Amino acid sequence: GLDTSHSEAFIRLLNADDPEPQYAGFKVTAAYPYGSKTIESSVKRIPEYTEGAKKNGVKITTSIAELLKTVDCVLLETNDGTLHLEQAVEVIKSGKPLFLDKPVAATLRMPSPSIALPKSGMSRSSPRPPCAIRPGTRS
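The sequence shown begins at 323 in our numbering and counts up by one.
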């Protein structure tokens, strides 16, 4: 999703003209600008972050299915935790690696992809993926 500043931060970090050495070779190439329909501040950010992504050479797709055809892995950045399980299932079914940003769910009672998916037999996962990109991290 392009409804959070995290999307913008990852694009700036990974698509920099001269990225930090630990990020060399990684690039955000496509994004799906879907996000919350109920969190007003998120809804308002989508047009701005979509334009920013385009300016950084990111292809804007119309669906997660279209996105999956053009990427090697997915950073699930949607700001609305109510959408994470549905979106994560689609990505995991594709076999692509997935980084699931916070929040993992909208409420404590809502199933988190990191808990619900392993129970379904779809995936082994951990709340903190070992491939998570964090500023200052060394390989």
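Note that the Cβ used here is the ideal one computed from N, Cα and C, for glycine as well.
The structure presented is a predicted model; accordingly, all values stated were derived computationally and were not measured.
{"Query": "Contacting residues, own chain, Cβ-Cβ under 6 Å from Val-413 (five flanking each side not counted)", "Result": "Val-396 and Leu-420"}
{"Query": "Whole-number beta carbon distance between Asn-401 and Gly-374, since they are thought to touch under 8 Å", "Result": "Actually they are not in contact, since the Cβ atoms of Gly-374 and Asn-401 sit about 15 Å apart, beyond 8 Å."}
{"Query": "Thr-326 beta carbon less than 8 Å from that of Glu-399", "Result": "yes"}
{"Query": "Whole-angstrom distance between Phe-348 and Gly-379, CA atom to CA atom", "Result": "13 Å"}
{"Query": "Proximity winner among Lys-381, Asp-394, Leu-422 and Pro-355, relative to His-406 (alpha-carbon distances)", "Result": "Leu-422"}
{"Query": "7 Å Cβ shell around Thr-372 - same chain, five flanking residues per side excluded", "Result": "Leu-324, Pro-355 and Ile-382"}
{"Query": "DSSP three-state assignment for Phe-421, whether helix, strand or coil", "Result": "strand"}
{"Query": "Nearest to Leu-336 (by Cα), restricted to the options Ser-329, His-328 and Val-350", "Result": "Val-350"}
{"Query": "Lys-415 versus Ile-368: straight-line alpha-carbon distance, rounded", "Result": "26 Å"}
{"Query": "3 or more residues per run - each beta strand (DSSP E) lying fully within the region 326-370", "Result": "none"}
{"Query": "Neighbourhood of Phe-332 by C-beta, 8 Å cutoff - its chain only, sequence neighbours within 5 removed", "Result": "Val-350, Leu-397, Glu-399 and Ile-455"}
{"Query": "Pick from Lys-377, Ala-346, Ala-353 and Glu-370 that is closest to Leu-390, judged by C-alpha positions", "Result": "Ala-353"}
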